[in-house]
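Asker: One structure, as structure tokens, below. Some questions next.
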Amino acid sequence: MSDNDSPFMDNTPSTSPAKKSQANNRVSKRPISSSSSSSSLLSSPVRRPRSTNAYTDRFMPNRTNMDLNTVISIGSTSNLTYVSPITSDNQIEFQKERQAHQTFDTILKNELFGDKLSKDSNDNENNIERIHCTASQSLEEPNTPPKSNSSDHSTSSTPATPKRLTFTSTDSLQRPTSNNVRGASLFTYRERSATRNSTVSMLQQQFMNSISPVRPDSQRLLLSPGKRFRDIAKVPYRVLDAPSLADDFYYDLIDWSSTDMLAVALGKTVFLTDDNSNEVIQMCETDLEYTSLSWVNSGSHLAVGLSDGIVELHDVVKKKCIRTLSGHLDRVACLSWNHHILSSGSRDHKILHRDVRMPEHYFEQINTHSQEVCGLKWNVEENRLASGGNDNMVYVYDGPSKKALLRFSEHTAAVKAMAWSPHKRATLATGGGTADRKLKIWNVNSGTKLNDTDTGSQICNMVWSKNTDELVTSHGYSKFNLTLWDCPNLEPLAVLKGHSFRVLHLTLSADGTTIVSGAGDETLRYWKLFDKSKSSGQPDSVLTSAFSKLR
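Residue numbers (UniProt numbering): 1 to 551.
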């Protein structure tokens, strides 16, 4: 180590004259300059003290003071990153685990840096944030404690040493006088009592006694109730055999009526099952094959589509076909009601609007799709119709108009799954097939996409919950499950497994609490996913209410 780099100083003068002469001889050999700096060059080298303002590359730990950078890095909650596993089967459990980690992190920081941290009343999770002024003051004055503030008596620049707890005449521990006394009960021995308390009572005593090893604010955080998460049943509460349930992506063979009656088309027969009495009724049968069905809004009539393009209208009370409607040249893949208007989509690329009160079989024909129409959904409140086709296109119409208002072409596969939001006006969700796998949400008023996500699997069908702003999608290749999404964030809340084939058919109960799914494994599964709505029944729309008053 050179003399200039030495951390020590030696200013003692030399007493040997021989050494002085040798030093003078060495100095005289240097060239003498007439400049004013010659005196400094010819002077004896002196070890100068290091400047007090110099910074080193080492941090010397100090027991009585805390580094500000350490407090910032450890006390910052922004360093905690939680990556949501999109493919996780249990997002609710992930959220619970994340909350537990955040609570543990908050308590740990409070116990380590409680004198430097304070509660932030604006934080919903009671996280403890830094006080920069206290930490910086302790760094600027390492040997002097910070001045006390009359408005804050709980802060201290140095960790307090645990005090000795004295015993009274009754051998009971006295309560520490300050909250800064941490670990007093851990570093203090007590006399062994005659009887040993149970584990539960010891834990309760640790939390409830004033000598708890944790700080009072940490104790309050531990005892405060956390965020409550909804429990989602991952197992269906009922499984029914459905023999001959078609495994065809373009079919739509189950629907739940407003009178709590489930209709299922099994091969060449349509059955009705009452969810309350579990009674099964054979509604109708045909020599061909049923390809779609849909209940009228009141639940009194059922429309069924056949493979030859015929649409039949059945009276549920009379249990017979009251009308046969023609017009399509090929199978009817989808049906949708708007009060007395029945719309049908077919493999002949056409959409037909039928007024069941009129003698004509249809009063309007739409030819916007270039391939089979496999998705059709009416928004009764907004009087708008959405159609999806095998040409990967989505169209939105104003009422039964022939001209489409909007045209969405972002999907790269057939669009069968569609659902209107019952909570936000003019919000439409669409899902693509195997080559696309995208779930997209649109605002049809502005014609913009609100959000989208890759589901990782073919989207066969979807239902928007009536009671919560959540969406259920059913999937085919290659996951064969159902996914519950939080809207509009499109975060997966739960993945429901059980089917072994594509989940092609999906419907929602009248009260909005139960989902029924049907798949090519010839089973119907009932999933209890939502709670009953607490709001009172409201009319479908203001316009409908006004017309009813005029009548």
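Glycine included, C-beta positions come from ideal geometry on N, C-alpha and C.
This structure is a prediction, so every number in the text was calculated from the model and none was measured.
Give the straight-line distance between the Cα atoms of residue 459 and residue 241, rounded to the nearest whole angstrom.
Answerer: 23 Å
Asker: For the region 330-348 against the region 367-380, do three or more pairs of beta-carbon atoms, one drawn from each stretch, fall closer than 8 Å, so that the two count as touching?
Answerer: yes
Asker: Please classify residue 276 as buried or exposed, where buried requires at least 16 other C-beta atoms within 10 Å of its C-beta.
Answerer: exposed
Asker: Could you name each continuous beta strand (DSSP E) segment of 3 residues or more that falls completely within the region 462-541, going from the start of the chain to the end?
Answerer: 470-475, 482-486, 491-496, 503-508, 514-519, 523-528
Asker: At which residues does the beta strand (DSSP E) containing residue 336 begin and terminate?
Answerer: 332-338
Asker: Cα separation between residue 98 and residue 105?
Answerer: 10 Å
Asker: If we ignore side chains and look at the alpha-carbon of each, how far apart do residue 405 and residue 220 end up?
Answerer: 57 Å
Asker: In chain order, what are the residue ranges of uninterrupted beta strand (DSSP E) at least 3 long that sit wholly in the UniProt repeat "WD" (366-407)?
Answerer: 373-379, 384-389, 394-398
Asker: Check whether the Cβ of residue 439 lies closer than 8 Å to any Cβ atom in chain C.
Answerer: Considering every chain present, this structure includes no chain C. It has just one protein chain.
Asker: Taking all protein chains shown into account, decide if residue 108 is buried (16 or more other Cβ within 10 angstroms of its Cβ) or exposed.
Answerer: Residue 108 is classed as exposed because its beta carbon has fewer than 16 other beta carbons within 10 Å across all chains shown.
Asker: Considering only the alpha carbon of each residue, which of 441, 419, 265, 487 lies closest to residue 284?
Answerer: 265
Asker: Starting from the C-beta of residue 505, find all residues in its chain whose C-beta is less than 6 Å away, skip the five residues before and the five after it, and write them out in chain order.
Answerer: 253, 254, 518
Asker: For the alpha helix (DSSP H) containing residue 219, list its first residue and its last residue.
Answerer: 216-223
Asker: Count the C-beta pairs between the region 495-509 and the region 231-240 that are closer than 8 Å, then say yes if the count reaches three, no if not.
Answerer: yes
Asker: How many Å lie between residue 427 and residue 486 at the Cα?
Answerer: About 14 Å.
Asker: Could you tell me the alpha carbon to alpha carbon distance between residue 529 and residue 510, rounded to whole angstroms?
Answerer: 13 Å
Asker: Closer than 8 Å by C-beta to residue 392: which residues in its own chain qualify, once you throw out the five before and the five after it? Chain order, please.
Answerer: 409, 411, 412, 413, 414, 415, 432, 436
Asker: Do residue 356 and residue 340 have their C-beta atoms closer together than 8 Å?
Answerer: Yes; because the gap between Cβ atoms is below 8 Å, this pair is in contact.
Asker: Identify, in the order they occur along the chain, each residue of the same chain with its Cβ nearer than 6 Å to the Cβ of residue 281, setting aside the five sequence neighbours on each side.
Answerer: 272
Asker: Among 222, 448, 307, 440, which one has its Cα closest to the Cα of residue 418?
Answerer: Looking at the Cα atoms, 440 is the closest of the given residues.
Asker: Could you give the distance in angstroms between the alpha-carbon of residue 402 and the alpha-carbon of residue 227?
Answerer: 50 Å
Asker: Below 6 Å CB to CB, which residues in the same chain sit around residue 250 once its five sequence neighbours on both sides are set aside?
Answerer: 333, 374
Asker: Keeping to the same chain, check which residues put their C-beta closer than 7 Å to that of residue 347; ignore five residues upstream and five downstream.
Answerer: 330, 331, 333, 372
Asker: Strictly by DSSP, which residues pair up with residue 290?
Answerer: 306
Asker: Please report the distance separating the alpha-carbon of residue 294 from that of residue 304.
Answerer: Approximately 7 Å between the Cα atoms of the pair.
Asker: Taking 7 Å as the cut-off, is the CB of residue 227 close to at least one heavy atom of the ligand GTP?
Answerer: Of ligands this structure carries none, so the ligand GTP is not represented either.
Asker: Check whether the Cβ atoms of residue 480 and residue 465 sit closer than 8 Å, and answer yes or no.
Answerer: Going by beta carbons, residue 480 and residue 465 fall outside the 8 Å limit.
Asker: I need the straight-line Cα distance from residue 421 to residue 430, nearest angstrom please.
Answerer: 11 Å
Asker: Beta-carbon separation of residue 313 and residue 301 under 8 Å?
Answerer: Yes, the pair counts as a contact, with Cβ atoms nearer than the cut-off.
Asker: If you draw a straight line from the C-alpha of residue 257 to the C-alpha of residue 381, how long is it?
Answerer: Straight through space, the alpha carbons of residue 381 and residue 257 are spaced by roughly 18 Å.
Asker: Can you name the start and end residues of the beta strand (DSSP E) that residue 273 belongs to?
Answerer: Annotation: the continuous beta strand (DSSP E) that includes residue 273 extends over 269-274.
Asker: Is the beta carbon of residue 259 closer than 8 Å to that of residue 299?
Answerer: yes
Asker: Taking the straight line between their C-alpha atoms, what separation do you get for residue 111 and residue 224?
Answerer: Cα-Cα distance, rounded: 17 Å.
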